[in-house]
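Structure first, then comments.
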Amino acid sequence: MDDITVFLGAGFSRVAGFPLATEILDVEIAIDTKKRADLQSRVQYEWSNWRSDTRTNVEEYLAMLQIEGAKPWYDAQAYVALVIAAQQSTIRWVGDRVRYIQNGIQRAPTIESYTHIWQWIEERYFLKSVVTTNYDLLAEQGLRIEPRPKLGLPGFHYGKIGEIMKGGGYPSYSHVRPLQLNGRVPLHKLHGSVNWAGAAALHSKYWDPRPAIKGDCALIAPAASKSIPKGFSDIWERASHDLERSNVWLVIGYSLPPYDKAVRSLFQDSVSHVNSVLIANPAPLVVERFSELLPNCDVESYPGFPEFLYKKD
């Protein structure tokens, strides 16, 4: 049985209604406070002005803001996190105000494909790791926080088995045991996560997306250079280690854009033992990009997610 690493891009989350990267700053969400309303106005105003003067896409714009490190970056960082968290939280109206009820990593997915994907893989391969550029919690919810053998799900961790998530016990009462990650499969989130805190530098992880709701989320933008921001280098090193020790890569919903130089470099530096690269994206351009980047690998096109799950072997 071959070792496989799965790489997830924004297309993986599209099935659940999450915006693509190209849409993330244009999304309108329910706003519950004046502070968040002002944040949304500032971010969309700055983005609108920039877009009208240049042809830069959202990812390149965010990367530029991150390099500058000024207030527009921290605003954009907070707003992107809020958009993702709002999509994955229950939004309720209390009187005339919105309240976000956070749904965390312990929740099973409501869309079956996000469970079936890991069952499909476990039946065919040994899942070495999962690497993703996504900020949401869909991978965590599908893999589960601990192994579920009867369901064919291996469970995940963020690089350390037994790590305890902050936020008290689940569902937040002190007498309930804290939520602990005891899964088998490492999940490497290259650009951060809505449940990770530390807008300036990653410093703690929660079981729910409260850092995103509170505006202190550890996210980074797609990198136009090969340098990785402080606090994330260990994550990238572990991802490279697992990619390099896998025979097969399965890439879902990631188009390998030319400007994402850091991820391109990650693939090139980690390809020594890879024989097959399976691309769950039928677009010829995406397959062509991977074939050019990894000329010594057998690059095979699959239908998109979740269609390929039901393709006959």
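Quick note, this note's numbering runs 351 ahead of the 1-based positions in the sequence shown.
Each residue gets a CB set at the ideal place from its N, CA and C atoms; glycine is no exception.
- For residue 649, the beta-bridge partners assigned by DSSP are 627.
- In this structure, the alpha-carbon of residue 638 lies about 13 Å from that of residue 600.
- The three-state secondary structure of residue 593, taken from DSSP, is helix.
- Residue range 599-603 is occupied by the beta strand (DSSP E) that includes residue 603, with no alpha helix (DSSP H) assigned at that position.
- With fewer than 16 other Cβ atoms inside 10 Å of its own Cβ, residue 515 counts as exposed.
- The DSSP-derived three-state label of residue 511 is coil.
- DSSP places residue 634 outside both helix and strand once states are collapsed to three, so it counts as coil.
- Burial state of residue 539 is buried, judged by a 10 Å Cβ sphere holding 16 or more other Cβ atoms.
- Non-local C-beta neighbours of residue 553 in its own chain, meaning closer than 6 Å and more than five positions away in sequence, comprise 547, 569 and 582, ordered along the chain.
- Around residue 606, the same chain offers 637 as residues with beta carbons nearer than 6 Å, after the five sequence neighbours per side are excluded.
- Under DSSP, residue 547 forms a beta bridge with 556.
- When secondary structure is reduced to three states using DSSP, residue 566 falls in the coil class, being assigned neither helix nor strand.
- In the DSSP assignment, residue 483 falls within the beta strand (DSSP E) that extends over 477-483.
- Under the three-state reduction of DSSP output, residue 611 falls in the coil class, being neither helix nor strand.
- Sorting 541, 475 and 513 by C-alpha distance to the C-alpha of residue 534 places 513 at the top.
- For the pair residue 630 and residue 652, the CB atoms are nearer than the 7 Å cut-off.
- Spatial neighbours of residue 435 in its own chain (CB-CB distance under 6 Å, excluding positions within 5 residues in sequence) are listed in chain order as 486, 487 and 545.
- Only residues of its own chain outside the window of five on either side were considered, and among them 627 have a CB closer than 6 Å to the CB of residue 649, listed in chain order.
- Rounded to the nearest angstrom, the Cβ distance from residue 359 to residue 603 is 5 Å, consistent with a contact under 8 Å.
- In this structure, residue 427 sits near residue 416, with a CB-CB distance shorter than 7 Å.
- Here the alpha carbons of residue 609 and residue 615 stand approximately 8 Å from one another.
- Judged by beta-carbon spacing, residue 489 lies beyond the 7 Å limit of residue 469, meaning their Cβ atoms are not closer than that value.
- Assignment of residue 580 by DSSP, reduced to helix, strand and coil, places it in the coil class.
- Taken through DSSP and simplified to helix, strand or coil, residue 494 comes out as helix.
- With the rule of 3 Cβ pairs closer than 8 Å, the region 496-509 does not count as touching the region 378-390.
- The Cβ atoms of residue 591 and residue 621 lie closer than 7 Å to each other.
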